[in-house]
Amino acid sequence: MRRVASAFGSIVGVKPPVRTSPSTTREIVLVVAIFCLALVVRIAYHLEYDARYGVDTTRLAQLDSNTFDLGARAIVAGDVFQRNVYYPYHWWNEAVAPRAEWESWYHPPTFHQTPLYLYFVAALYAIAGCVPAIVTWSQAIIGALVAVLVYAIGRRSFGRPVAAIAAIWTALLGSLFFYDVFLLRESLVGFVFLVTAACFDLALRRDARPAWWIATGVALGVAFLAKETALALFAVMLLWPLHPDMRGERYGPRTARLVAGFALALLPFAIRNVAVGAPVLAFSTRGPWEFVNGNASASSGVEWFPEETRRALLDGQAKAIFLRSRGSFSSAAAATLETHAERPLGFLSLQWRKLAAFWNGYEFPNNVDAYVVASRVSLLRWAPGFWPMGALAIVGLALSLRRFRERFVAYGFVTVIVFATVAFYVLARFRVPALPFLSLFAALTLVESWRFAAAKRWGALAATILAASVLSILTRPSRTAPGPSTCAILYAQSLLEEARYPQDLRVDAGVRALVTALPPDRIEALETRAVAALDEARSAAVTDGDAERITSALCCQLGDYWMRRGQFARAEIEFRAALDHARSDDERAVALVDLGNVRFQLGSLDDALRRYDEALALQPRNKAAYYGKGSAYQKLGNLPDAADQLEQAIAVDPAYTDAHAQLGFIYDAMGKSDRALEHLRKGLVHQTNPAVERAIRDLVRKLESK
190 MRRVASAFGS IVGVKPPVRT SPSTTREIVL VVAIFCLALV VRIAYHLEYD ARYGVDTTRL
250 AQLDSNTFDL GARAIVAGDV FQRNVYYPYH WWNEAVAPRA EWESWYHPPT FHQTPLYLYF
310 VAALYAIAGC VPAIVTWSQA IIGALVAVLV YAIGRRSFGR PVAAIAAIWT ALLGSLFFYD
370 VFLLRESLVG FVFLVTAACF DLALRRDARP AWWIATGVAL GVAFLAKETA LALFAVMLLW
430 PLHPDMRGER YGPRTARLVA GFALALLPFA IRNVAVGAPV LAFSTRGPWE FVNGNASASS
490 GVEWFPEETR RALLDGQAKA IFLRSRGSFS SAAAATLETH AERPLGFLSL QWRKLAAFWN
550 GYEFPNNVDA YVVASRVSLL RWAPGFWPMG ALAIVGLALS LRRFRERFVA YGFVTVIVFA
610 TVAFYVLARF RVPALPFLSL FAALTLVESW RFAAAKRWGA LAATILAASV LSILTRPSRT
670 APGPSTCAIL YAQSLLEEAR YPQDLRVDAG VRALVTALPP DRIEALETRA VAALDEARSA
730 AVTDGDAERI TSALCCQLGD YWMRRGQFAR AEIEFRAALD HARSDDERAV ALVDLGNVRF
790 QLGSLDDALR RYDEALALQP RNKAAYYGKG SAYQKLGNLP DAADQLEQAI AVDPAYTDAH
850 AQLGFIYDAM GKSDRALEHL RKGLVHQTNP AVERAIRDLV RKLESK
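Numbering (the working numbering), first residue to last: 190 to 895.
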């Protein structure tokens with residue numbers, strides 16, 4: 190009967206069913222189990238994040254999440270080709286140059302960051318509405334697929350035991366799934382890097398079809414459009430003859446297909462660049478600024494303008510380099526290297542410091558802080574992290590050297606990701622694409638240790654354990670995780686920023702039109718949660734090592750909250766406490782300005798002026814103090830002195846919208862219509878207060894009609 194069925198099947202074009210061996214069935218079950226494990230962990234993390242932390246980071250104007258959200262909303266609203274690219278203007282931009290100068294350096298309409306993630310978010314928004322949750326849940330599924338890909342890639346080169354352990358490790362790795370709940374490109378970048386590695390691994394077979402080389406080139410192009418540093422993977426792929434299966438194969442045809450696939454992936458975006466008038470092969474503006482931040486002599490090479498080096502780097506070297514290079518990567522790189530002219534070895538020392546930071550177990554924050562989120566999300570707190578996986582991976586890299594050619598893909602991707610990260614600067618986020626590959630080498634260390642024990646190779650086992658122990662000590666987190674008070678205040682600040690958005694978004698009306706204000710009850714709920722967190726921080730500060738600094742910032746935050754509620758007496762208590770706990774001139778100046786503002790609201794104008802003067806004695810370029818003095822003089826009826834103080838505020842920050850608006854009203858009262866119009870028009874730029882905007886427009890129309 191089987192023969193008859195087979196013959197009939199061949200006649201009608203239907204193949205007989207393929208028998209599945211028990212080993213194949215077990216492997217399918219294993220892969221499904223790995224996927225389900227990874228997905229369940231991510232679902233649990235999402236649910237706990239929403240319940241316990243629940244900050245919408247797309248509404249925090251200083252973060253990349255906000256940039257991606259606004260750009261995607263613009264695409265959905267009709268700007269599919271991104272003719273009007275949104276370039277964020279963050280605090281560090283403001284410290285270097287005015288917005289207009291930055292935008293000229295970006296060479297509009299060049300993409301701000303490589304565009305794949307932006308269009309990924311926009312596509313999901315177009316399908317399900319502009320709701321960030323659709324993106325984060327999609328990233329959870331992508332994260333589960335990453336674990337499956339780790340098994341698929343590891344199975345061929347490392348064997349099933351290593352592949353299975355690495356895949357399970359990847360499924361549980363908090364350093365990976367942490368980013369899934371944010372609109373940050375790390376989840377997608379890690380996935381497309383793995384897809385690229387999988388395609389390359391399949392192409393490196395003697396019987397592989399030519400299409401796999403084209404597919405590898407396409408995947409590499411997609412990876413580059415996800416993250417610029419993927420371009421360095423080309424160097425690995427051009428060395429494909431090192432793989433043992435490729436001995437004697439012709440170099441030209443395969444390499445040509447690889448290049449053709451890469452060009453094919455970039456073609457749609459190159460066409461977009463031509464259509465909108467951007468440089469054909471320009472897909473990002475970020476390179477110069479990131480290279481300066483990670484390589485200038487004043488830089489630590491770790492984090493994005495960290496506090497300890499911020500002033501020397503931003504106010505000194507970075508500003509000079511940015512003004513000189515004007516957006517050119519080559520000029521910025523040359524000027525950055527020149528900062529090491531007097532101490533050439535200092536540059537090498539900086540690179541070594543960055544390399545050590547890459548392998549360090551500390552989760553260096555950027556945009557989001559894993560320790561702050563973990564303070565409220567228990568699953569993240571107990572999930573395995575980068576340490577000690579990194580130490581085990583280094584041992585695995587050494588143990589596996591004898592089979593380097595067979596594991597060429599994994600070695601190549603790890604090397605390139607480490608090199609590309611160190612070449613710029615180190616963040617925990619930038620390690621994410623390497624984590625799946627490192628999990629394979631870490632799992633290899635465990636499996637080899639077991640084999641050494643089973644074979645009674647005690648010397649090899651002892652050497653492996655010793656190496657792993659020493660490296661674990663050397664790579665243990667170099668910093669203490671933020672204490673409870675620090676985590677609480679950073680959490681509260683995020684809630685307050687979310688409540689104030691879009692008021693905090695200093696962009697033009699066209700971008701603000703993409704944003705909707707929260708309903709009053711939602712703002713009330715956010716502020717209530719924030720105050721509870723701030724009170725929690727105050728209690729925790731008793732045992733926190735940074736109690737003095739945190740308490741000063743904490744009191745200012747509480748004072749701001751009561752100011753917005755109109756409870757000025759309670760605000761004054763908090764600002765006086767902030768002044769008592771301030772440890773630096775900068776903190777004292779902030780507290781003095783806040784105290785001056787609350788005294789102004791209480792009608793004590795002379796005392797307010799005294800506080801502003803005290804702040805200016807500590808910070809001569811404090812624009813808020815000049816603005817406060819101007820407002821106080823205006824209240825006293827002294828318009829000439831009020832105008833003088835506001836002019837000084839604008840001299841510090843020519844884009845100070847509120848000062849321009851206030852100065853316009855004062856000049857109108859003084860009968861100086863031309864000067865009033867000039868400042869009122871500037872006061873409309875980036876104006877976030879609807880009532881003030883209406884008042885300005887009414888006065889502008891009145892003055893223009895004269």
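The C-beta atom is built at its ideal place from N, Cα and C for all residues, glycine as well.
* Asked: Are the Cβ atoms of Glu292 and Tyr308 separated by less than 7 Å?
  -> Here residue 292 refers to the residue found at position 103 of the sequence shown. Here residue 308 refers to the residue found at position 119 of the sequence shown. Taking 7 Å as the Cβ cut-off, Glu292 and Tyr308 do not qualify as a contacting pair.
* Proximity below 7 Å, CB of Val244 to CB of Ser683 -> As a position in the sequence shown, residue 244 is number 55, starting the count at 1. As a position in the sequence shown, residue 683 is number 494, starting the count at 1. Yes, the pair counts as a contact, with Cβ atoms nearer than the cut-off.
* To do: Could you name each continuous beta strand (DSSP E) segment of 3 residues or more that falls completely within the stretch 521-578, going from the start of the chain to the end?
  => none
* To do: Could you name the residues of the same chain whose beta carbon sits closer than 6 Å to that of Val704, not counting the 5 residues immediately before and after it, in chain order?
  => Walking along the sequence shown from the start, residue 704 turns up at place 515. Around Val704: Pro691.
* To do: Report the residue from Leu422, Ala760 and Arg591 whose alpha carbon sits nearest the alpha carbon of Phe789.
  => Numbered from 1 along the sequence shown, position 600 holds the residue referred to as residue 789. Phe789 has its Cα closest to that of Ala760, out of Leu422, Ala760 and Arg591.
* Which word fits Ser894, buried or exposed, when buried means at least 16 other C-beta atoms lie within 10 angstroms of its C-beta? -> Residue mapping note: residue 894 aligns to position 705 of the sequence shown, counting from 1. When all chains shown are included, Ser894 counts as exposed.
* To do: Count the other C-beta atoms from every protein chain shown that fall within 10 angstroms of the C-beta of Gly260, then say buried if there are 16 or more, exposed otherwise.
  => The count along the sequence shown starts at 1 and reaches residue 260 at position 71. By the neighbour-count rule (16 or more Cβ atoms within 10 Å), Gly260 is buried.
* To do: Note the first and the last residue of the continuous alpha helix (DSSP H) segment covering Gly601.
  => Residue mapping note: residue 601 aligns to position 412 of the sequence shown, counting from 1. Where Gly601 is concerned, the enclosing alpha helix (DSSP H) stretches over Phe597 to Ala612.
* Just tell me which of Val411, Ala730, Leu365 and Leu409 has its CA closest to the CA of Gly574. => Translated into positions along the sequence shown, residue 574 becomes position 385. The shortest Cα separation from Gly574 among Val411, Ala730, Leu365 and Leu409 belongs to Leu365.
* Give every residue of the same chain whose Cβ lies closer than 7 Å to the Cβ of Ala656, excluding the five residues on either side of it in the sequence, and list them in chain order. => On the sequence shown, position 467 is the one that residue 656 refers to. Val584.
* Asked: Thinking just about the alpha-carbon of each residue, which of Ser346, Val230 and Tyr234 is nearest to the one in Ala336?
  -> Here the question's residue 336 lines up with position 147 in the sequence shown. For Ala336, the nearest C-alpha among the options comes from Val230.
* Measuring CB to CB, does Ala352 end up less than 7 Å from Val407? -> Within the sequence shown, residue 352 is the residue found at index 163, counting from 1. Within the sequence shown, residue 407 is the residue found at index 218, counting from 1. Not closer than 7 Å, so no.
* Rounded C-beta distance between Tyr306 and Leu422? I'm assuming under 8 Å. -> On the sequence shown, residue 306 is found 117 positions in, with the first residue counted as 1. On the sequence shown, residue 422 is found 233 positions in, with the first residue counted as 1. With a Cβ gap of about 18 Å, Tyr306 and Leu422 do not count as contacting.
* **Val274, DSSP secondary structure in three states** => Here the question's residue 274 lines up with position 85 in the sequence shown. Note: Val274 maps to coil in three-state DSSP.
* Find out if the Cβ-Cβ distance for the pair Thr256, Pro321 is shorter than 7 Å. => What you label residue 256 is simply residue 67 of the sequence shown in a count that begins at 1. What you label residue 321 is simply residue 132 of the sequence shown in a count that begins at 1. Taking 7 Å as the Cβ cut-off, Thr256 and Pro321 do not qualify as a contacting pair.
* In terms of residues, what are the limits of the alpha helix (DSSP H) holding Asn827? -> The residue given as residue 827 occupies position 638 in the sequence shown. Where Asn827 is concerned, there is no enclosing alpha helix (DSSP H), given that its DSSP letter is neither H nor E.
* To do: Kindly list the residues whose CB is nearer than 6 Å to the CB of Phe518, restricted to its own chain and excluding five residues on each side of it in sequence; keep chain order.
  => Locating residue 518 in the sequence shown gives position 329, where the first residue counts as 1. If we look at Phe518 and ignore the five residues flanking it on each side, its Cβ neighbours are Gly476 and Pro477.
* Where does Val615 fall in DSSP's three states? -> Position 426 of the sequence shown holds residue 615. In this structure, Val615 counts as strand in the three-state DSSP scheme.
* Asked: What does a CB cutoff of less than 7 Å around Asp434 pick up in its chain, not counting 5 residues either side in sequence?
  -> Working through the sequence shown from its first residue, we reach residue 434 at position 245. Answer for Asp434: Leu393, Arg394 and Arg395, listed in chain order.
* **Per-residue DSSP class, three states only, for Val491** => On the sequence shown, position 302 is the one that residue 491 refers to. Correct three-state label for Val491: strand.
* To do: For Arg191, count neighbouring Cβ atoms within 10 angstroms of its own Cβ and tell me buried if that reaches 16, exposed if not.
  => The residue you call residue 191 lines up with position 2 of the sequence shown. Legend: pLDDT at Arg191 = 44, less than 50; position of this residue unreliable, no value from coordinates given.
* Would you mind giving the Cβ-Cβ distance between Arg618 and Asn555, rounded to the nearest angstrom? I have them listed as a contact below 8 Å. => As a working mapping, residue 618 is identified with position 429 in the sequence shown. As a working mapping, residue 555 is identified with position 366 in the sequence shown. That pair is a contact at about 5 Å.
* If we count the other Cβ atoms within 10 Å of its Cβ and call it buried at 16 or more, is Leu539 buried or exposed? -> Taking the sequence shown and counting its residues from 1, the one referred to as residue 539 is at position 350. Flag for Leu539 reads buried.
* To do: Under 6 Å Cβ to Cβ from Tyr801, same chain only, skipping five residues before and after it: list those, please.
  => The residue given as residue 801 occupies position 612 in the sequence shown. So the list reads Gly785, Ala814, Gly817 and Lys818, once near-sequence residues are dropped.
* Asked: Ala311 and Val265 look like a contact to me (Cβ under 8 Å); what is the Cβ gap, rounded to whole Å?
  -> Mapped onto the sequence shown, residue 311 falls at position 122. Mapped onto the sequence shown, residue 265 falls at position 76. That belief holds up - the Cβ atoms of Ala311 and Val265 are roughly 6 Å apart, short of 8 Å.
* Taking all protein chains shown into account, decide if Gly792 is buried (16 or more other Cβ within 10 angstroms of its Cβ) or exposed. => Numbered from its first residue, the sequence shown carries residue 792 at position 603. By the neighbour-count rule (16 or more Cβ atoms within 10 Å), Gly792 is not buried but exposed.
* Tell me, to the nearest whole angstrom, how far the beta carbon of Leu743 is from that of Glu716; I am working on the premise that it is less than 8 Å. => Sequence index remark: in the sequence shown, residue 743 carries index 554 (1-based). Sequence index remark: in the sequence shown, residue 716 carries index 527 (1-based). Leu743 to Glu716, Cβ: 15 Å. No contact.
* To do: Alpha carbon to alpha carbon, how far is Gly579 from Leu624? Give it in angstroms, no decimals.
  => Numbered from 1 along the sequence shown, position 435 holds the residue referred to as residue 624. Numbered from 1 along the sequence shown, position 390 holds the residue referred to as residue 579. When rounded, the distance between both Cα atoms is 9 Å.
* Report yes if the C-beta distance between Ala545 and Val491 is below 7 Å; otherwise report no. => The residue you call residue 545 lines up with position 356 of the sequence shown. The residue you call residue 491 lines up with position 302 of the sequence shown. Not in contact: Ala545 and Val491 (Cβ atoms no closer than 7 Å).
* Thinking just about the alpha-carbon of each residue, which of Leu537, Tyr340, Ala797 and Val700 is nearest to the one in Phe630? -> Reading the sequence shown from its first residue, position 441 is the one you call residue 630. Phe630 has its Cα closest to that of Tyr340, out of Leu537, Tyr340, Ala797 and Val700.
* If you count every other CB in all the chains shown that lies within 10 Å of the CB of Pro829, and 16 or more means buried, which is it? -> Mapped onto the sequence shown, residue 829 falls at position 640. Flag for Pro829 reads exposed.
* Under the three-state DSSP convention, the category Arg149 falls into -> Within the shown structure, residues of the chain are numbered from 190 to 895, placing residue 149 beyond reach of any answer.
* **Nearest-angstrom Cα separation, counted from Lys543 out to Glu479** => Position 290 of the sequence shown, counting from 1, holds the residue named residue 479. Position 354 of the sequence shown, counting from 1, holds the residue named residue 543. Computed Cα separation, rounded: 14 Å.
* Hey, quick one: how far does the alpha helix (DSSP H) through Pro625 stretch, first residue to last? -> By one-based count along the sequence shown, residue 625 stands at place 436. Here the alpha helix (DSSP H) through Pro625 covers Leu624 to Ala643.
* Which same chain residues, not among the five before or five after Val203, have their C-beta less than 6 Å away from its C-beta? -> Position 14 of the sequence shown, counting from 1, holds the residue named residue 203. Confidence is the limiting factor: at Val203 the pLDDT is only 38, short of 50, which leaves the residue's position unreliable, though a coordinate-based value still follows. For Val203, where only same-chain residues beyond five positions count, there are no Cβ hits under 6 Å.
* Asked: Does DSSP put Asp847 in a helix, a strand or coil?
  -> Numbered from its first residue, the sequence shown carries residue 847 at position 658. It is helical.
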